[in-house]
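Respectively, the protein sequence lines represent chains A and B. 195 is the number of the first residue of the first sequence in my numbering; add one for each residue after it. 54 is the number of the first residue of the second sequence in my numbering; add one for each residue after it. Worksheet: one structure, shown below.
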Amino acid sequence: MTGLLEVEGLVAGYAGAPVLHGLDLSLPAGSVTAVLGANGAGKTTLLRTLSGLIRPRAGQITFDGRDIGGTAVERIVQAGMAHVPEHGGVIVELTVEENLRLGGLWRTDKTDVEKATAEVYDLFPPLAARRGALGQQLSGGERQMLAIGRALVARPRLLLLDEPSLGLAPRITAHIMSMLRQLADASGLTVLIVEQNVRAALSVAETGVVISLGRVVTRTDADRLLGDEAIRHAYLGF
Amino acid sequence: MDRFVTLTFDGLTHGAIYAAFALALVLIWRGTRVVNFAQGQMALAAAYICYTVDLETGSYWLGLAAAVVAGLLIGVIVERSVMKRVAHTAPLTAIVVALGITLVIQAILGMIYGVQNRRFPVPFSQVAIQVHGLPLFSPFDIFIYVVVAVILIGIGLLFTRTPIGLRMRAAAFAPETARLLGVNVSRVLTFGWALAAGVGALSSVLIIPTAGFIYPTAMDLVFVSAFTAAVIGGLDSPVGAVVGGLALGLVLSYASGYLSSNVTSMAVLVLLVVVLLVRPSGLFTSSAERRV
Numbered sequence: 195m196t197g198l199l200e201v202e203g204l205v206a207g208y209a210g211a212p213v214l215h216g217l218d219l220s221l222p223a224g225s226v227t228a229v230l231g232a233n234g235a236g237k238t239t240l241l242r243t244l245s246g247l248i249r250p251r252a253g254q255i256t257f258d259g260r261d262i263g264g265t266a267v268e269r270i271v272q273a274g275m276a277h278v279p280e281h282g283g284v285i286v287e288l289t290v291e292e293n294l295r296l297g298g299l300w301r302t303d304k305t306d307v308e309k310a311t312a313e314v315y316d317l318f319p320p321l322a323a324r325r326g327a328l329g330q331q332l333s334g335g336e337r338q339m340l341a342i343g344r345a346l347v348a349r350p351r352l353l354l355l356d357e358p359s360l361g362l363a364p365r366i367t368a369h370i371m372s373m374l375r376q377l378a379d380a381s382g383l384t385v386l387i388v389e390q391n392v393r394a395a396l397s398v399a400e401t402g403v404v405i406s407l408g409r410v411v412t413r414t415d416a417d418r419l420l421g422d423e424a425i426r427h428a429y430l431g432f
Numbered sequence: 054m055d056r057f058v059t060l061t062f063d064g065l066t067h068g069a070i071y072a073a074f075a076l077a078l079v080l081i082w083r084g085t086r087v088v089n090f091a092q093g094q095m096a097l098a099a100a101y102i103c104y105t106v107d108l109e110t111g112s113y114w115l116g117l118a119a120a121v122v123a124g125l126l127i128g129v130i131v132e133r134s135v136m137k138r139v140a141h142t143a144p145l146t147a148i149v150v151a152l153g154i155t156l157v158i159q160a161i162l163g164m165i166y167g168v169q170n171r172r173f174p175v176p177f178s179q180v181a182i183q184v185h186g187l188p189l190f191s192p193f194d195i196f197i198y199v200v201v202a203v204i205l206i207g208i209g210l211l212f213t214r215t216p217i218g219l220r221m222r223a224a225a226f227a228p229e230t231a232r233l234l235g236v237n238v239s240r241v242l243t244f245g246w247a248l249a250a251g252v253g254a255l256s257s258v259l260i261i262p263t264a265g266f267i268y269p270t271a272m273d274l275v276f277v278s279a280f281t282a283a284v285i286g287g288l289d290s291p292v293g294a295v296v297g298g299l300a301l302g303l304v305l306s307y308a309s310g311y312l313s314s315n316v317t318s319m320a321v322l323v324l325l326v327v328v329l330l331v332r333p334s335g336l337f338t339s340s341a342e343r344r345v
């Protein structure tokens with residue numbers, strides 16, 4: 195079966211130094227997948243390439259049946275992919291409301307943007323209470339909620355999350371992870387999480403993909419991955 | 054006291070224009086981290102368009118509109134053809150390129166119009182209205198206040214109340230995040246350059262008549278003054294640009310009135326050096342130096 199996102203033989207990286215070396219990946223629609231690996235494995239580079247921030251040197255990225263390799267970032271966003279970068283990328287000089295508005299600015303259906311914004315406030319009540327607060331006045335957890343909420347205002351079909359648990363208390367991390375699971379179950383949203391916090395990521399994902407040195411080492415069920423001591427020792431450090 | 058009042062009104066008139074011009078510099082700086090050293094000459098080119106259209110048609114208002122349109126177009130052309138290509142290079146490269154554009158425009162204007170002074174048109178009398186025998190401001194000064202107020206309020210509303218303003222702020226503060234949210238940052242930057250050049254053009258049409266004539270270096274001191282105003286207020290702060298512009302206008306007016314008109318140029322440069330030494334980030338910028 196063809197997935198919502200299909201990646202084949204992806205080669206990408208930074209000025210003269212490829213980080214991804216022929217990476218393959220398939221994400222079924224409505225799935226939650228965790229991409230795991232040590233520092234420098236290529237996890238962030240993978241997300242940045244998928245969302246168009248890095249131009250692939252070779253390989254193919256197919257999103258919803260369309261080849262999007264080399265497509266401009268804003269076109270990919272409009273095609274239905276949202277990327278929440280490491281640390282969330284909340285624009286701290288803007289208010290909560292402005293950050294959320296920005297998420298749906300490109301959309302023509304303004305009524306649905308308002309509806310999506312209301313849903314985000316329902317999903318994250320702390321944001322509703324701080325609509326007029328600047329991003330810099332929010333806690334780490336609130337910023338991450340805002341970053342995810344802002345991505346949801348665009349009503350994406352694929353949500354890319356780079357280290358959503360970074361710097362957050364375990365309780366907040368657990369809340370965010372369970373919320374992602376609910377979203378996937380309720381709305382059919384496809385989620386790709388890149389995480390160092392392996393247990394948190396696998397607690398919500400059905401599938402774990404381990405990458406090392408820019409290649410997929412293994413792809414298996416999340417439960418099985420947690421139980422595979424050899425893989426955990428070799429690539430995940432616990 | 055009478056002299057003080059007169060100098061204050063004169064300072065506010067010039068300061069208002071410095072404020073608008075400084076705002077144009079801030080608009081570009083916030084979006085691109087480039088100080089547009091070609092701003093003065095770009096604005097002057099637009100002012101020459103105003104002069105030419107007025108000369109040919111006899112309509113100041115047509116000339117004014119043509120200058121603003123020309124300013125917008127010059128902004129787009131400069132950004133798309135040159136500045137866009139040096140946006141991600143070393144800061145010095147953009148400065149050198151901007152200075153190169155200044156020289157090119159200056160040479161072109163010199164070739165077309167010559168170096169002589171030409172009387173610039175004004176739509177209203179420049180004779181000051183007397184209040185209790187005290188000359189305060191002329192009808193043209195009132196025109197300047199109104200236009201600058203419209204520019205400042207218009208830009209304020211644009212930034213805070215419109216989608217393009219939100220896009221501009223997002224692109225300025227976090228260009229990569231803005232792209233990830235579907236903002237076409239490249240297009241937004243071009244719009245910012247056009248807007249800044251349009252404001253610069255309008256400012257030049259307002260300030261040149263205060264000296265009476267247009268000539269190929271007519272905006273040099275104005276640019277330095279506006280740059281100083283922007284630095285005083287903080288290059289990141291539109292409010293700072295306005296306050297800096299008004300403050301500078303007053304200081305220069307007092308210096309010119311109480312000391313000598315010859316010290317005006319020197320006073321601007323001294324003030325610029327002092328601000329750069331004491332508080333290089335400006336009075337209204339809370340953040341430390343930031344680079345893209």
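The beta-carbon is built from N, C-alpha and C at its ideal position, and this holds for glycine as well. Values in this document were obtained by computation on a predicted structure and should not be read as measured data.
Original post:
Cβ of B/Gly245 less than 9 Å from any chain A Cβ?
Top reply: No, no contact with chain A.
Subject >> Opposing strand residues paired with A/Leu355 [DSSP bridges] >> reply: Per DSSP, A/Val278, A/Ile387.
Original post:
Is any beta-carbon of chain B found at less than 9 Å from that of A/Val267?
Top reply: Among the CB atoms of chain B, one or more fall inside 9 Å of the CB of A/Val267.
Original post:
On the three-state DSSP scale, how would you describe A/Ser220?
Top reply: Correct three-state label for A/Ser220: strand.
Subject >> Beta-carbon proximity of A/Arg154 to B/Leu219, cut-off 9 Å >> reply: The structure shown has nothing for residue 154 of chain A, since chain A only spans 195 to 432.
Subject >> Listed by chain order, chain B residues near A/Ile285 by CB distance under 7 Å >> reply: Near A/Ile285 (Cβ distances below 7 Å), the residues of chain B are Ala223, Phe226, Ala227, Thr230.
Original post:
Below 8 Å, can you find three or more Cβ-Cβ pairs linking the stretch 336-347 of chain A to the stretch 306-320 of chain A?
Top reply: The stretch 336-347 of chain A vs the stretch 306-320 of chain A: in contact.
Subject >> Secondary structure of B/Val168, DSSP reduced to three states >> reply: In this structure, B/Val168 counts as coil in the three-state DSSP scheme.
**OP:** Taking A/Gly197 and A/Ala228 to be in contact with their CB atoms under 8 Å, please state how far apart those CB atoms are, rounded to whole angstroms.
**Re:** That pair is no contact at about 15 Å.
**OP:** Name, please, each residue of chain B whose Cβ falls closer than 7 Å to the Cβ of A/Arg295.
**Re:** In chain order: Leu219.
Original post:
Distance, Cα to Cα, A/Ser333 vs B/Ser290?
Top reply: Their backbone Cα atoms lie some 26 Å apart in a straight line.
**OP:** Kindly indicate the opening and closing residues of the beta strand (DSSP E) around B/Thr215.
**Re:** Premise fails: B/Thr215 is in no beta strand (DSSP E) and is neither H nor E.
Original post:
What's the call for B/Met164, buried or exposed, on a 16-neighbour Cβ count within 10 Å?
Top reply: When all chains shown are included, B/Met164 counts as exposed.
Original post:
With a cut-off of 9 Å, does the C-beta of A/Leu288 fall near any C-beta of chain B?
Top reply: Chain B contact via Cβ: present.
**OP:** Using 10 angstroms around the beta-carbon of B/Phe276, count the other beta-carbons present and answer buried if the total reaches 16, otherwise exposed.
**Re:** By the 16-neighbour rule on beta-carbons within 10 angstroms, B/Phe276 is buried.
Original post:
Under a CB-based cut-off of 9 Å, is B/Val199 close to chain A?
Top reply: Output row for B/Val199: interface = no.
Subject >> Buried or exposed (CB count within 10 angstroms, at least 16 for buried), B/Glu109 >> reply: B/Glu109 should be labelled exposed.
**OP:** Keeping to the same chain, check which residues put their C-beta closer than 6 Å to that of A/Gly382; ignore five residues upstream and five downstream.
**Re:** Same-chain partners within the cutoff: Gly224.
Original post:
Based on the DSSP output, what are the partners of B/Gly286 in its beta bridges?
Top reply: Note: B/Gly286 sits in no beta bridge, so no partner.
Original post:
Going along chain B in order, which residues have a C-beta closer than 7 Å to the C-beta of A/Leu240?
Top reply: Taking a Cβ-Cβ cut-off of 7 Å, A/Leu240 has no neighbours in chain B, whose nearest Cβ is about 15 Å from it.
Original post:
If you draw a straight line from the C-alpha of B/Phe74 to the C-alpha of B/Ile260, how long is it?
Top reply: Straight-line Cα distance between these residues: approximately 10 Å.
Original post:
What does DSSP give as the partner residues of A/Tyr208 in its beta bridges?
Top reply: Residue pairing of A/Tyr208 in beta bridges, as defined by DSSP: A/Ala211.
Subject >> A/Asp303, enclosing alpha helix (DSSP H) - first and last residue >> reply: Where A/Asp303 is concerned, there is no enclosing alpha helix (DSSP H), given that its DSSP letter is neither H nor E.
Subject >> Unbroken beta strand (DSSP E) run spanning A/Gln254, endpoints >> reply: Unbroken beta strand (DSSP E) run through A/Gln254: 252-257.
Original post:
To the nearest angstrom, how far is it from the Cα of A/Leu241 to the Cα of A/Val398?
Top reply: If you take the alpha carbons of A/Leu241 and A/Val398, they lie about 19 Å apart.
Subject >> For B/Ala223 and B/Arg343, the rounded distance between their alpha carbons >> reply: Its pLDDT being 39, under 50, B/Arg343 is placed unreliably in this model, and the value from its coordinates should be taken loosely. One C-alpha to the other measures close to 15 Å.
Subject >> Short Cβ contact (9 Å threshold) for A/Leu386 with A/Leu221 >> reply: With contacts defined by Cβ atoms closer than 9 Å, A/Leu386 and A/Leu221 form a contacting pair.
Original post:
Exposed or buried, B/Ile208, counting other C-beta atoms within 10 Å across all chains shown (16 or more means buried)?
Top reply: Answer is buried; the Cβ neighbour count reaches 16.
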